[in-house]
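Read the structure below first, then the notes.
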Amino acid sequence: MDWPSDSDPFIAPNNYGFFDFDFPARNAGQLCKVIKNWGQNGTENIVLEDLRDLNDWERLSQVAKSFIIYQDLTTVDNIYQLPRNSFTILCIPWAESSGSEPPNYTDLPIHPSCKIHWENIVRVFNLPSHFPKLAMKGDSSATSIIREHDFGAGLENIWMHTANIISELDRSVSDMAKVPSESNSFAMAATHLGQKSLTFAVMFGFSDGQVLNMQDHLSTSSDAIGHPLLMLGIYAELQLERLNFMVNTSHDIYKDLVDQLKLQVTGEAKRTLNWSMVDTVRLFREIEAEVKTAQLILSKVYSSAEEQCSTDMTKDIIRKTNLFSDRFNDICTSLDGLGARCRTMVDGLSFSMDIITSELSRQEAKTASALSFVAMIYLPLSAIATIFAMPIFQWSNDWRDLLYRPVHSGNTPSDSNLESSSNTTKSPVVSGYLYIYIGISALFTSATLIGFNFYMRRRIRMNCRGQIR
Numbered sequence: 027m028d029w030p031s032d033s034d035p036f037i038a039p040n041n042y043g044f045f046d047f048d049f050p051a052r053n054a055g056q057l058c059k060v061i062k063n064w065g066q067n068g069t070e071n072i073v074l075e076d077l078r079d080l081n082d083w084e085r086l087s088q089v090a091k092s093f094i095i096y097q098d099l100t101t102v103d104n105i106y107q108l109p110r111n112s113f114t115i116l117c118i119p120w121a122e123s124s125g126s127e128p129p130n131y132t133d134l135p136i137h138p139s140c141k142i143h144w145e146n147i148v149r150v151f152n153l154p155s156h157f158p159k160l161a162m163k164g165d166s167s168a169t170s171i172i173r174e175h176d177f178g179a180g181l182e183n184i185w186m187h188t189a190n191i192i193s194e195l196d197r198s199v200s201d202m203a204k205v206p207s208e209s210n211s212f213a214m215a216a217t218h219l220g221q222k223s224l225t226f227a228v229m230f231g232f233s234d235g236q237v238l239n240m241q242d243h244l245s246t247s248s249d250a251i252g253h254p255l256l257m258l259g260i261y262a263e264l265q266l267e268r269l270n271f272m273v274n275t276s277h278d279i280y281k282d283l284v285d286q287l288k289l290q291v292t293g294e295a296k297r298t299l300n301w302s303m304v305d306t307v308r309l310f311r312e313i314e315a316e317v318k319t320a321q322l323i324l325s326k327v328y329s330s331a332e333e334q335c336s337t338d339m340t341k342d343i344i345r346k347t348n349l350f351s352d353r354f355n356d357i358c359t360s361l362d363g364l365g366a367r368c369r370t371m372v373d374g375l376s377f378s379m380d381i382i383t384s385e386l387s388r389q390e391a392k393t394a395s396a397l398s399f400v401a402m403i404y405l406p407l408s409a410i411a412t413i414f415a416m417p418i419f420q421w422s423n424d425w426r427d428l429l430y431r432p433v434h435s436g437n438t439p440s441d442s443n444l445e446s447s448s449n450t451t452k453s454p455v456v457s458g459y460l461y462i463y464i465g466i467s468a469l470f471t472s473a474t475l476i477g478f479n480f481y482m483r484r485r486i487r488m489n490c491r492g493q494i495r
């Protein structure tokens with residue numbers, strides 16, 4: 027099993043091989059970005075920069091070196107050179123898939139020439155050692171651990187947060203809603219140095235909208251900067267926004283489907299009940315499961331992180347931790363509401379489908395009853411006609427007319443003796459025995475209808491008794 031390392035909690039040089047380079051960005055023109063605050067007083071110096079080319083990566087790498095904690099496993103600089111209450115967050119967009127393999131968070135849309143700068147930044151950021159393997163797995167998860175490390179000025183508490191969201195539900199919802207497809211799944215690797223209240227993080231798979239949202243959260247939450255739970259709080263906020271987007275978009279799909287079903291007559295609604303409707307219900311259920319899973323993961327990782335923060339009992343940390351707890355409880359309440367909305371959509375759509383299916387079944391049963399009634403009328407006629415056609419009856423031996431008078435039969439005259447046979451008596455077109463056929467057929471038809479009516483009444487009475495019981 028891949029346990030977080032105790033001996034070397036940071037990404038070691040031999041773990042750089044997990045990252046691949048030279049992928050195009052999934053969204054054309056999307057760039058890596060940096061959100062940073064290297065000042066001393068909270069939010070006043072928050073800036074957002076694009077990494078457009080090699081020069082930008084080199085400049086970020088050179089600035090990062092001024093914060094460097096260790097260049098290798100033996101050379102360590104003094105931790106007191108680092109600024110306080112600062113953060114640096116590198117945001118990397120999704121890479122485009124290559125071939126049949128879908129991309130993961132270790133596939134970087136970064137040119138190979140920037141590889142050395144990327145490694146310098148990762149080394150400075152002291153990212154958790156288990157993140158590369160975590161990013162290559164197909165499971166959503168989040169972890170928060172605390173370690174002690176000697177940076178050259180004694181043992182230092184470091185908080186390490188990782189998060190990994192693997193889901194294609196975002197794109198599925200966008201495709202079904204016919205809106206621009208954009209995956210909001212993301213991953214996070216963050217390290218917080220307790221003594222300097224300094225946070226380094228790399229965010230993987232981010233869209234431009236998520237980067238702007240993260241910048242807004244940082245700009246409006248000055249108390250959160252410098253706290254060990256800063257990046258965990260950012261993760262919770264972005265996860266809530268992601269799930270909100272999915273549920274709200276799904277609700278619009280749900281309303282459109284329900285409105286279509288209301289406007290259509292039953293015969294037209296039959297065409298709506300297809301596999302596409304079944305796929306929609308299945309998608310809503312998957313979103314509900316995603317919300318519950320996210321809530322479970324958040325509860326678990328936050329409980330662990332809050333317990334770790336309780337080891338530092340300074341008044342300022344306690345006050346800020348209480349603020350995080352209040353906000354986290356609000357997020358959990360919001361997730362409960364999102365889960366309830368998903369359940370309402372699933373139940374509502376399933377109920378609508380059941381009603382339409384029942385109405386269609388009722389109409390089909392009504393049509394089948396009409397066909398059965400017609401069949402009951404014609405079935406005795408066919409049965410008696412078949413019996414009369416049996417060779418045991420010789421109706422032609424003694425023909426009678428409609429008045430039941432004997433009729434003398436004669437041969438059909440030929441052309442040569444038309445005149446001589448003009449007075450010959452011929453058999454009538456309709457036999458007088460037709461009355462016998464009609465009478466017997468009417469008797470059997472009446473008996474069939476009376477028996478069917480008796481059977482249906484008896485069945486209805488039995489059903490009523492069963493419901494009463």
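Under our numbering, residues 27 to 495 are what the sequence shown spells out, in order.
Where is the CB? At the ideal position from N, CA and C, for every residue including glycine.
Keep in mind the model is a prediction, meaning the values are calculated, not measured.
Check                                                                                                                      : Outcome
DSSP state of Asp242 mapped onto helix, strand, coil                                                                       : helix
Contact set for Pro498: own chain, Cβ-Cβ below 6 Å, skip 5 residues either direction                                       : A question about residue 498 goes unanswered here, because the residues of the chain that appear run from 27 up to 495.
Buried versus exposed, by CB contacts within 10 Å (16 or more), Thr246                                                     : exposed
Nearest-angstrom beta carbon gap, Glu314 and Val400 [assumed within contact, 8 Å]                                          : About 48 Å separates the two Cβ atoms, so there is no contact after all.
Between the CA atoms of Tyr280 and Thr412 - distance to the nearest angstrom                                               : 58 Å
C-beta contact flag for Arg52 and Pro119 at 8 Å                                                                            : yes
Alpha carbon of Phe226 to alpha carbon of Asn111, nearest angstrom                                                         : 11 Å
Which of helix, strand or coil DSSP assigns to Asp249                                                                      : helix
Per DSSP, the bridge partner or partners of His175                                                                         : Glu182
Meets three-Cβ-pair contact criterion under 8 Å: the segment 259–267 and the segment 235–249                               : yes
Same chain, Cβ closer than 6 Å to His253, five either side skipped, listed in chain order                                  : Lys346
Sufficient close CB pairs (3 or more, under 8 Å) joining the segment 171–190 to the segment 211–218                        : yes
Bridge-paired residues (DSSP) for Ala51                                                                                    : Ala121
Asn63 - partner residues in DSSP beta bridges                                                                              : Phe113
Within the segment 299–335, ranges of the beta strand (DSSP E) (whole runs, at least 3 residues)                           : none
Burial state of Phe478, where buried means 16 or more other Cβ atoms lie within 10 Å                                       : exposed
Tyr106, DSSP secondary structure in three states                                                                           : For Tyr106, the pLDDT reaches just 47, beneath the cut-off of 50, and the residue's location in the model is therefore unreliable, leaving the point undetermined.
Leu364 vs Val284 beta-carbon contact at 8 Å                                                                                : no
Environment of Gln321 [buried if 16+ CB atoms lie within 10 Å]                                                             : buried
Cut-off 8 Å between Cβ atoms - residues of its own chain near Ser376, not counting five sequence neighbours on either side : Val307
At least 3 beta-carbon pairs within less than 8 Å: the segment 190–205 vs the segment 67–86                                : no
Where the alpha helix (DSSP H) containing Phe11 begins and where it ends                                                   : A question about residue 11 goes unanswered here, because the residues of the chain that appear run from 27 up to 495.
Length of the line joining the Cα atoms of Asp362 and Arg268                                                               : 15 Å
Buried or exposed by the 16-neighbour rule on C-beta atoms within 10 Å, applied to Arg78                                   : exposed
Buried/exposed call for Tyr328, threshold 16 Cβ in 10 Å                                                                    : buried
Nearest-angstrom Cα separation, counted from Met303 out to Glu75                                                           : 44 Å
Assigned secondary structure, Pro254 (DSSP; H/G/I helix, E/B strand, else coil)                                            : coil
Assigned exposure category for Leu21 - 16 Cβ within 10 Å defines buried                                                    : Nothing can be reported for residue 21: it is not among the residues displayed for the chain, which extend from 27 to 495.
Other residues of its chain near Ser167: CB distance less than 6 Å, five sequence neighbours each side excluded            : Asn190
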